[in-house]
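Here is the structure we will look at, set down as structure tokens.
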């Protein structure tokens, strides 16, 4: 009986420890992030504080920072458009009040670390 219980615990540990990876990329910037099996995670923790949508949005923010750095090295029009696309995205967790105040691209570059802060803060 103890052996069966031990096997069950090991199976649960390894199945819950299985990780999946998502990726967002553009040109030479690639950001990888963990994807959770939210059903398993919910059974174990009871709730998801940092779900997959939040992780995806965080990765896109980090991608935008990488693209800003690339743009500063080489003023590529496609990179600029991608940065603006991410800036205008309608994020669920990273809200921007850009609908009322237009901001020019140079200001986005200058304030990129604040605008595209990808760190997740949770209480």
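Residue numbers (this note's numbering): 2 to 124.
Note that CB positions come from ideal geometry on N, CA and C, so glycine has one too.
In DSSP terms, what residue 33 is bridged to: 24
Beta-carbon proximity list for residue 67, same chain, < 6 Å, skipping 5 on both sides: 30
Between the CA atoms of residue 21 and residue 117 - distance to the nearest angstrom: 24 Å
Among 25, 62, 52 and 56, the one whose alpha carbon lies nearest that of residue 85: 62
Inter-residue spacing [alpha-carbon to alpha-carbon] between residue 52 and residue 59: 11 Å
Distance between residue 69 and residue 131 (C-alpha atoms, nearest Å): As shown, the chain starts at 2 and ends at 124. That puts residue 131 outside it, with no answer to give.
N-terminal and C-terminal residue of the alpha helix (DSSP H) that residue 53 is part of: 53 to 74
Alpha helix (DSSP H) segment containing residue 108, residue limits: 106 to 111
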